[in-house]
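Just so we're aligned, residue 137 is where the sequence shown starts under our numbering, counting upward by one. Glycine residues also receive a C-beta, built at the ideal position from the N, C-alpha and C atoms. Below: one structure, written as structure tokens.
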Amino acid sequence: MRCERFQSFLPDMVLDPARVPADVRQHLGECPRCENDWNELHSTMQLLDEWRAPEPSPYFDTRLAVLLREAKESAAPGWLERMRLRLLFGSDLRLRPVAAAAFALLLVVSGGSYFGVVSLNHTYPQQQQAVSATVNDLELLDSNAKTLQELAAFDDTTGDANSMATAGSLSN
Ligand SMILES: [Zn+2]
Numbered sequence: 137m138r139c140e141r142f143q144s145f146l147p148d149m150v151l152d153p154a155r156v157p158a159d160v161r162q163h164l165g166e167c168p169r170c171e172n173d174w175n176e177l178h179s180t181m182q183l184l185d186e187w188r189a190p191e192p193s194p195y196f197d198t199r200l201a202v203l204l205r206e207a208k209e210s211a212a213p214g215w216l217e218r219m220r221l222r223l224l225f226g227s228d229l230r231l232r233p234v235a236a237a238a239f240a241l242l243l244v245v246s247g248g249s250y251f252g253v254v255s256l257n258h259t260y261p262q263q264q265q266a267v268s269a270t271v272n273d274l275e276l277l278d279s280n281a282k283t284l285q286e287l288a289a290f291d292d293t294t295g296d297a298n299s300m301a302t303a304g305s306l307s308n
């Protein structure tokens, strides 16, 4: 019983010892198990006090910008495929039907250019243009996905109609 009482005061023992009643503090000298718990918590808190986040390298922003640009410039079907899989089979299952519809719509709008089924005689500059258009569309798709997530979150707060609809479409 005294152990339970001591354990309930354990955070105060570290953060605000003045609030801990004397009889609770006394338990520290009487019970090795609780003393051990207190020592562990106390040393953890001391480590946190001493810990300093490392300064980022002065070139971090520059290098990150370069990496982002390279990733965009190398935008390949692989990137699109990963995006598609993330949208269709992402952690949030409620978004699957919506995401699939959005992706299908995007495919129609883009005229299938994602899969290289545009013209057969395209030249190098046209390819470059296609890549940047793809990147633009992917960015648009990403922001659309965020909007859809926000809408889904909003729907969760507005009642059961949405969950019924979602349950119906998930059982397909
Ligand atoms: Zn104890």
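Where the alpha helix (DSSP H) containing residue 166 begins and where it ends: Counted as a single uninterrupted DSSP element, the stretch harbouring residue 166 is not any alpha helix (DSSP H), since DSSP gives it neither H nor E.
Chain-order list of residues whose beta-carbon lies under 8 angstroms from that of residue 153 (same chain, five-residue window excluded): 161
Residue 174 burial status per 10 Å Cβ neighbour count (16 or more: buried): buried
Opening and closing residue of the alpha helix (DSSP H) in which residue 202 lies: Boundaries of the alpha helix (DSSP H) harbouring residue 202: 196-209, taken from the DSSP string.
Rounded C-alpha distance that separates residue 172 from residue 189: The straight-line gap from Cα to Cα measures roughly 28 angstroms.
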